[in-house]
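Numbering (the numbering used here), first residue to last: 49 to 130. Heads up, the thing below is written out as structure tokens.
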């Protein structure tokens, strides 16, 4: 039994030495125009009218939609790179 174990020991060690190499990591960066942050709209002050607040909400909504459009563009860009 000990001889069989000793005979298999070098084979087991040889199997550990033949591990495949680590996969190569390739990083691709989307265009800077898609990843640069856009400044958020300015928040109206305490003396703002309802019209000012309504404009701010519309600008905020558009700013958020632009962000989601950029995320979608990055997703489409990365699918083309595959």
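Virtual Cβ for every residue (Gly too), placed ideally from N, Cα, C.
Nearest neighbour of residue 81 by Cα position, chosen from 70, 118 and 57, turns out to be 118.
Measuring C-alpha to C-alpha distances from residue 128 to each of 76, 114, 52 and 68 identifies 76 as the nearest.
DSSP, read as helix, strand or coil, puts residue 80 in helix. Pairing residue 91 with residue 71, the inter-Cα distance amounts to about 48 Å.
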